[in-house]
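Below is one structure; the comments refer to it alone.
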Amino acid sequence: TTLTDRPARARERLRRDAARVLLTNWTGTSTVPSHTLYPHQWSWDSAFIAIGLRHLSPRRAQRELESLVGAQWADGRIPHIVFSPRVPLDAYFPSPDFWRSSTAGRAAGAPAGTETSGIVQPPVHALAAALVHERDPATSRRRGFLERLYPRLAAWHDYLLRDRDFTGHGLASVVHPWEPGMDNSPCWDGPLRRITPAPPESFRRVDLTHGDAAARPTDLDYGRYVRLAADYRDHGYRDAGTPHPFAVEDPGFNALLIASEHALAGIAEQVGRDPRPHRERAEALTDALVRHLWQPKAGMFLCRDVRGDSVIEDRSVTGLLPLVVPSLPGHVVDALLGTVTGEHFGLGTGTRLVASYDLRGPAFDPARYWRGPAWFNINWLLERGLRLHGAASEADALRRAVLDAAGGSRFAEYVDPYTGEGHGANRFSWTAAVALDLLA
Ligand code: 2M8
3 TTLTDRPARA RERLRRDAAR VLLTNWTGTS TVPSHTLYPH QWSWDSAFIA
53 IGLRHLSPRR AQRELESLVG AQWADGRIPH IVFSPRVPLD AYFPSPDFWR
103 SSTAGRAAGA PAGTETSGIV QPPVHALAAA LVHERDPATS RRRGFLERLY
153 PRLAAWHDYL LRDRDFTGHG LASVVHPWEP GMDNSPCWDG PLRRITPAPP
203 ESFRRVDLTH GDAAARPTDL DYGRYVRLAA DYRDHGYRDA GTPHPFAVED
253 PGFNALLIAS EHALAGIAEQ VGRDPRPHRE RAEALTDALV RHLWQPKAGM
303 FLCRDVRGDS VIEDRSVTGL LPLVVPSLPG HVVDALLGTV TGEHFGLGTG
353 TRLVASYDLR GPAFDPARYW RGPAWFNINW LLERGLRLHG AASEADALRR
403 AVLDAAGGSR FAEYVDPYTG EGHGANRFSW TAAVALDLLA
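Letter by letter, the sequence shown follows residues 3 to 442 of full-length UniProt numbering.
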C-alpha cells in the first residue's frame, strides 16, 4: 500500500459498509430506517434513502419513492409512516391500531388497503425524485417514473398550501412535533406547554426497549405527542375541523417545500408539462419565508408559534435549512453563512458537524435526540446549501466530517456534535444513504 491509495481504500470500505446497511434494511418494497427502532417506512427517511440508493440501484430508489406515494391520501397528504402489515403491532408505538387511518381517516381520503399515520413530514420528496431520475434517466423513462410521480407530488404540495396555511402567509404549518421531523426540539417546548398530556398509563413506549431513555424524548413529551395525534384522529384528520392547538410555521419544513417546488418545475419539464406555476409558487414561498420567518437580529430564520402569534426565540438548525433555497436575498445568505460558523452553531471551530440546536442555548444537550446532537440528513442538506451559495471550502470540510462521523459511528442515527460519538440506533438508513451520496 502506498500513502496515496489508502484514502481510496478507506472510501471504498465506507462505500461497501454503507451499501450493506441499505441492503439489510431493504424489505422488498422499501427501506426501514432501522429494523429495531423504526421497523416501518418513514416519509422523509425514504426521500433521503432514495437519494443514496440511486447509486446502488436506481430502480430500487424509484421503488422506494413509488411505494411511499402509493400510500398517499386522496387529499394529497403523504403520511409520515406507512405501516408494514408483516410487522407485529407491538414493534412500534404508535401502531396502526392507534392511528386507525383506514377507518378514522376515510373522510380525509386515507387509503383503504394500507395502514398509515395521519400526520406528515418535511416535503423533500420532489427533490429526491429529481435526483433519482438524474442518476439514470433511461431506466426512469422506461419505467415512466416521473410521469407517475409528478401528479402525486403536485397534489402533495397542493395539500400543504391549501389545508395547512393557517395564517394566510402562504406558508405551511406543522400540527404535531413529529411533523417537522425534529420531535423534541426545544422550539416546541413553549407551544407544547398548552397541551394536556395523555395519561402515562394510556400508552406504552416501545422506543425505550431499543433506545437509551437519556437520549430519547421524555415521558411528558410523549404524553403530549399522543394527545395531539389522538385529537387529530378523533377529528377525522380533517384540518378544517381540528382545533390544532399546536401549530407552527417551521422554516426548515417550508424551505424543503421550496426546494421541492423548484425540483417539481424540472420534473414538469421532463414530462411535458408547464413548469411555470411551480417556479412562481417557489418564488412566492421564498418571499413569504423571508417576510415572515427571517429574523435579522438572530442572523437566521426562527419558527413562528401560530397559536401564540409569536416568534419562537430558540435557535434550531431548522432555521439554517433555508440555505437549500436557491433565490434567497444576498444579505440573508451572508448572515446565514455567518451563523453556521458563528458562536451558536460553531461549525469548524468547536464542532465537527452542525448541531441540531444552539450550542449556547439553555436547553442544549449533546446526546438528547433533537436537542443538540448532529443529524446526518440535516448535515447533508447544509452541505448542499453551502455549495449552492458558493461556500465551497466549508462544504468540502463538512462533507469530510460527515463521512468520518458516519463511518466512525457505524452509521449512527445521531452523534454528539463535538466528539462524533454515536447515539440512538446504529446501521441507520439515512446515515448510510447520505454517506453514499457524498462519496459518489
Ligand atoms: C424520529 O421520529 C419518530 C416519529 O416519527 C420517532 O421518534 O418514533 C425522528 O427522528 C424523525 O425525524 C424520523 O423520521 C423518524 C424515523 O427515522 O424517527
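Here a beta-carbon is modelled for each residue, glycine too, at the ideal position from N, C-alpha and C.
Because the structure is a prediction, the values reported are computed rather than measured.
DSSP-derived helix/strand/coil call for R389 = In the sequence shown, residue 389 corresponds to position 387, counting from 1. Correct three-state label for R389: helix.
Is residue 2 near R56, with beta carbons less than 8 Å apart?
-> Absent from the model: residue 2. The displayed extent of the chain is 3 to 442, so no value can be given.
Taking only the alpha-carbon atoms, compute the straight-line gap between W75 and E181 and give it to the nearest angstrom.
-> In the sequence shown, the residue the question calls residue 75 occupies position 73. In the sequence shown, the residue the question calls residue 181 occupies position 179. Each residue's Cα considered, the two are about 16 Å apart.
Opening and closing residue of the alpha helix (DSSP H) in which N256 lies | Along the sequence shown, one-based indexing puts residue 256 at 254. For N256, the enclosing alpha helix (DSSP H) starts and ends at P253 to Q272.
In three-state terms, what does DSSP make of W46?
-> Position 44 of the sequence shown, counting from 1, holds the residue named residue 46. The answer is helix: DSSP assigns W46 an H, G or I state.
Taking the CB atoms as reference points, tell me whether Y94 and V208 lie closer together than 8 Å.
-> One-based indexing of the sequence shown puts residue 94 at position 92. One-based indexing of the sequence shown puts residue 208 at position 206. Remark: C-beta atoms of Y94 and V208 approach each other more closely than 8 Å.
Go to Q64, then tell me how far its alpha helix (DSSP H) extends in each direction, as first and last residue.
-> Position 62 of the sequence shown, counted from the start, is the residue given in the question as residue 64. Note, Q64: alpha helix (DSSP H), P60 to V71.
Taking just the CA atoms, how far does H212 sit from Y359?
-> As a position in the sequence shown, residue 359 is number 357, starting the count at 1. As a position in the sequence shown, residue 212 is number 210, starting the count at 1. Rounded to the nearest angstrom, the two C-alpha atoms are 24 Å apart.
Would the beta-carbon of V326 fall within 8 Å of that of A435?
-> One-based indexing of the sequence shown puts residue 326 at position 324. One-based indexing of the sequence shown puts residue 435 at position 433. Contact: no.
Could you please give me the residues that DSSP links to I51 through a beta bridge?
-> By one-based count along the sequence shown, residue 51 stands at place 49. I51 has no beta-bridge partner at all, per DSSP.
Should V342 and L322 be called a contact, given that it needs their Cβ atoms to be closer than 8 Å?
-> Position 340 of the sequence shown holds residue 342. Position 320 of the sequence shown holds residue 322. Against a cut-off of 8 Å, the Cβ pair of L322 and V342 comes out as a contact.
Compute the minimum distance between the beta carbon of H37 and the heavy atoms of the ligand 2M8, and state whether it is under 7 Å.
-> For the purposes of this step, residue 37 is taken as residue 35 along the sequence shown, with counting starting at 1. The answer is no for H37.
Own chain partners of R401 with C-beta closer than 7 Å, once the 5 adjacent residues on each side are dropped | For the purposes of this step, residue 401 is taken as residue 399 along the sequence shown, with counting starting at 1. For R401, same chain residues with a beta-carbon under 7 Å away, outside a window of 5 residues either side, are E385 and L440 in chain order.
Decide if the stretch 361–372 is in contact with the stretch 404–413; the criterion is three or more beta carbon pairs, one per stretch, under 8 Å apart.
-> Cβ pair count under 8 Å is below three, so no.
How would you call G146, buried or exposed, if buried means at least 16 neighbouring beta carbons within 10 angstroms?
-> By 1-based counting over the sequence shown, the position of residue 146 is 144. That one is exposed.
Length of the line joining the Cα atoms of E117 and R79 | Here residue 117 is taken as the residue at index 115 of the sequence shown, counted from 1. Here residue 79 is taken as the residue at index 77 of the sequence shown, counted from 1. Taking the straight line from one Cα to the other gives about 14 Å.
Own chain, CB closer than 6 Å to residue 444, minus 5 neighbours either side, in chain order = Missing from the structure shown is residue 444; the chain here goes from 3 to 442 and no further.
Cβ-based neighbour list, L230, same chain, cut-off 7 Å, excluding 5 preceding and 5 following = Numbered from its first residue, the sequence shown carries residue 230 at position 228. So the list reads H178, I197 and F248, once near-sequence residues are dropped.
Can the beta-carbon of H346 be found closer than 8 Å to that of R317?
-> Locating residue 346 in the sequence shown gives position 344, counting from the first residue. Locating residue 317 in the sequence shown gives position 315, counting from the first residue. Yes, the pair counts as a contact, with Cβ atoms nearer than the cut-off.
Counting along the chain, where does the alpha helix (DSSP H) carrying E136 start and finish?
-> For this step, residue 136 is matched to residue 134 along the sequence shown. For E136, the uninterrupted alpha helix (DSSP H) run begins and ends at H127 to R137, by DSSP.
Per DSSP, the bridge partner or partners of W28 = Taking the first residue of the sequence shown as 1, we reach residue 28 at position 26. Answer is T33, bridged to W28.
Inter-residue spacing [alpha-carbon to alpha-carbon] between residue 2 and H159 | As shown, the chain starts at 3 and ends at 442. That puts residue 2 outside it, with no answer to give.
Are Y234 and T220 closer than 8 Å when you measure CB to CB?
-> Translated into positions along the sequence shown, residue 234 becomes position 232. Translated into positions along the sequence shown, residue 220 becomes position 218. Not closer than 8 Å, so no.
Between A267, R240 and V126, which lies nearest to A109 when the distance is taken from Cα to Cα?
-> By one-based count along the sequence shown, residue 109 stands at place 107. Ranking A267, R240 and V126 by Cα distance to A109 puts R240 first.
Between Q212 and the ligand 2M8, is the CB less than 7 Å from at least one heavy atom?
-> The count along the sequence shown starts at 1 and reaches residue 212 at position 210. It should be pointed out that residue 212 corresponds to His in this sequence rather than to Gln. Checking every heavy atom of the ligand 2M8 against the Cβ of H212, none is found closer than 7 Å.
Buried or exposed: where does A265 fall if 16 or more other Cβ atoms within 10 Å of its Cβ makes it buried?
-> Residue 265 sits at position 263 when you count from the first residue of the sequence shown. Around the Cβ of A265, a 10 Å sphere holds 16 or more other Cβ atoms; the residue is buried.
Please name the residue in T31, A49 and P193 whose C-alpha comes closest to that of T433.
-> As a working mapping, residue 433 is identified with position 431 in the sequence shown. Taking only the C-alpha atoms, the option nearest T433 is A49.
D47 beta carbon near the ligand 2M8 (any heavy atom closer than 7 Å) | Numbered from its first residue, the sequence shown carries residue 47 at position 45. Distances from the CB of D47 to the heavy atoms of the ligand 2M8 include at least one below 7 Å.
Measuring only between beta-carbons, confirm whether L338 sits less than 8 Å from chain B.
-> The structure shown contains no chain B, having only a single protein chain.
Burial state of P193, where buried means 16 or more other Cβ atoms lie within 10 Å | Start at 1 with the first residue of the sequence shown, and residue 193 comes out as number 191. Label assigned to P193: buried.
Who pairs with I83 in a beta bridge, going by DSSP?
-> Position 81 of the sequence shown holds residue 83. Note: I83 sits in a beta bridge opposite W44.
Pairing CB atoms from the stretch 20–29 with CB atoms from the stretch 96–106, are three or more of them under 8 Å?
-> Cβ pair count under 8 Å is below three, so no.
In its own chain, which residues sit with a C-beta less than 8 Å from the C-beta of A337, not counting the 5 before and 5 after it?
-> As a first step, residue 337 must be located in the sequence shown, where it is residue number 335. Taken in chain order, the residues that qualify are P298, G301 and M302.
Residues that residue 449 bridges to, as DSSP identifies them | Outside the displayed span of the chain (3 to 442) sits residue 449, for which this structure offers no information.
Can we count H82 as close to the ligand 2M8, meaning its CB is less than 7 Å from some heavy atom?
-> In the sequence shown, counting from the first residue as 1, residue 82 sits at position 80. For H82, the Cβ falls inside the 7 Å cut-off from some heavy atom of the ligand 2M8.
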